[in-house]
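So for the sequence shown, this note's numbering puts the first residue at 22; every next one is plus one. Note sheet for the following structure.
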Amino acid sequence: MRLVAAAKVRRAQEQVLATRPFADALTQVLYGLENRLGSVDVNLPLFSQREVKNVALLVITGDRGLCGGYNANIIRRGEQRVKELESKGVKCQLITVGRKSTQYFERRVTPVVSSHIGLNQIPSADEASVIADELLALFLSETVDRVELVYTRFVSLINSRPVVQTMLPLTIQGLEEQDDEMFRLVTREGKLQVERMTVESKPEQSFPKDMIFEQDPVQILDALLPLYINNQLLRALQESAASELAARMTAMSNASTNAKDLIRQLSLTYNKARQASITQEILEVVAGANSL
Numbered sequence: 022m023r024l025v026a027a028a029k030v031r032r033a034q035e036q037v038l039a040t041r042p043f044a045d046a047l048t049q050v051l052y053g054l055e056n057r058l059g060s061v062d063v064n065l066p067l068f069s070q071r072e073v074k075n076v077a078l079l080v081i082t083g084d085r086g087l088c089g090g091y092n093a094n095i096i097r098r099g100e101q102r103v104k105e106l107e108s109k110g111v112k113c114q115l116i117t118v119g120r121k122s123t124q125y126f127e128r129r130v131t132p133v134v135s136s137h138i139g140l141n142q143i144p145s146a147d148e149a150s151v152i153a154d155e156l157l158a159l160f161l162s163e164t165v166d167r168v169e170l171v172y173t174r175f176v177s178l179i180n181s182r183p184v185v186q187t188m189l190p191l192t193i194q195g196l197e198e199q200d201d202e203m204f205r206l207v208t209r210e211g212k213l214q215v216e217r218m219t220v221e222s223k224p225e226q227s228f229p230k231d232m233i234f235e236q237d238p239v240q241i242l243d244a245l246l247p248l249y250i251n252n253q254l255l256r257a258l259q260e261s262a263a264s265e266l267a268a269r270m271t272a273m274s275n276a277s278t279n280a281k282d283l284i285r286q287l288s289l290t291y292n293k294a295r296q297a298s299i300t301q302e303i304l305e306v307v308a309g310a311n312s313l
């Protein structure tokens with residue numbers, strides 16, 4: 022299982038590399054539109070700030086166990102977030118990704134609006150699009166006033182951190198570009214390791230001042246924002262998948278080490294008992310011979 026998880030981490034790395042050109046191009050276009058709009062008041066549904074009375078929480082876990090405390094930690098963080106919101110008088114609705122969170126929260130009071138199980142362990146853009154459309158529908162219909170993600174952010178092979186991130190509503194200031202990151206599976210001293218490396222982002226590029234838009238830039242921005250949401254959700258799914266696979270690699274490595282230690286201890290105990298039995302038999306033979 023450790024080697025299978027390692028192979029899947031490689032596939033996750035390849036997927037991150039494959040999706041980065043689209044993410045870079047999308048971010049550059051959003052940058053150009055933001056610069057062109059300047060101080061214009063952008064009145065778009067995804068930017069609308071409402072009084073928060075209902076919040077949708079998307080909790081991302083795995084479908085299987087045998088990955089240490091990965092699932093337990095994210096479920097505990099989601100439950101903690103629900104209590105924080107309810108203590109402020111805010112109602113919560115849950116959307117779960119993964120069989121572990123679905124089974125847990127379906128037995129709790131907080132309603133589960135929908136659940137997504139059986140997804141590919143290596144997240145795909147199509148799966149992210151389905152979930153993003155559902156979140157957008159909840160927000161645009163004003164069923165919820167805010168959408169938050171509860172997922173595991175990958176830090177290193179032995180360290181991951183459950184985080185809460187606000188997905189909707191968006192803000193113009195929230196579209197600033199940051200250095201991208203990727204995961205690399207490397208071998209050092211005969212041991213597999215997963216490293217997180219930072220990829221320098223491309224310099225900002227503004228549209229030429231004499232560029233003519235066939236449509237209003239606000240309309241173009243409105244059409245591109247759902248793609249931006251899809252990309253952000255896919256990134257969260259990729260982070261969670263990398264964290265789960267790294268946790269499974271570590272858990273299976275520890276399990277193998279513990280099994281070897283247990284075998285060594287049992288072999289030592291068995292050899293001691295066998296030696297004691299042989300010694301006892303020799304003593305009985307010697308005592309019997311002396312008595313003749």
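Ideal Cβ placement from N, Cα and C applies to all residues, glycine included.
Look at phenylalanine 126 and leucine 140 and say whether their C-beta atoms are less than 7 Å apart.
-> no
State the DSSP-derived secondary structure class of valine 184, mapped to helix, strand or coil.
-> strand
Mind reading off the beta-carbon distance from valine 171 to leucine 79? Whole number of angstroms is fine, and I expect it under 8 Å.
-> 7 Å
How big is the Cα-Cα spacing for valine 25 and tyrosine 249?
-> 32 Å
State the DSSP-derived secondary structure class of asparagine 92, mapped to helix, strand or coil.
-> helix
Would you mind listing the alpha helix (DSSP H) stretches within the segment 81–165 that are 4+ residues and don't spill past its ends, in chain order?
-> 91–108, 120–126 and 146–161
Residue range of the alpha helix (DSSP H) that includes glutamate 260 | 238–312
Just the Cα atoms here: how many angstroms apart are tyrosine 91 and serine 264?
-> 8 Å
Excluding five sequence neighbours on each side, which residues of the same chain lie with their C-beta closer than 8 Å to the C-beta of leucine 47?
-> Leu245, Leu248, Tyr249 and Asn252
So, helix, strand or coil for valine 73, using DSSP?
-> coil
For arginine 32 versus isoleucine 143, is the C-beta spacing smaller than 7 Å?
-> yes
Residue of Arg97, Glu107 and Leu67 minimising C-alpha distance to asparagine 75 = Glu107
C-alpha distance - asparagine 311 paired with arginine 285, whole-angstrom precision = 39 Å
Could you check the C-alpha separation between aspartate 237 and aspartate 243 for me, to the nearest Å?
-> 10 Å
CB alanine 272 to CB glycine 86, shorter than 7 Å?
-> no
According to the Cβ coordinates, are leucine 157 and alanine 77 closer than 7 Å?
-> no
Can you tell me whether proline 42 is buried or exposed, with buried defined as 16 or more other CB within 10 angstroms of its CB?
-> exposed
Looking at leucine 254 and alanine 149, is the spacing between their C-beta atoms short of 7 Å?
-> yes
Rounded separation between asparagine 279 and lysine 109 - CA only | 45 Å
Buried or exposed for aspartate 166, please, with buried defined as at least 16 other CB atoms from any protein chain shown within 10 angstroms of its CB.
-> buried
Determine the DSSP secondary structure at leucine 191, reduced to helix, strand or coil.
-> coil
Which residues in the same chain have their Cβ closer than 6 Å to the Cβ of threonine 187, if we skip the five residues on either side of it in sequence?
-> Glu169
Could you tell me which residues DSSP puts in a beta bridge with tyrosine 52?
-> For tyrosine 52, which the question treats as bridged, DSSP gives no partner whatsoever.
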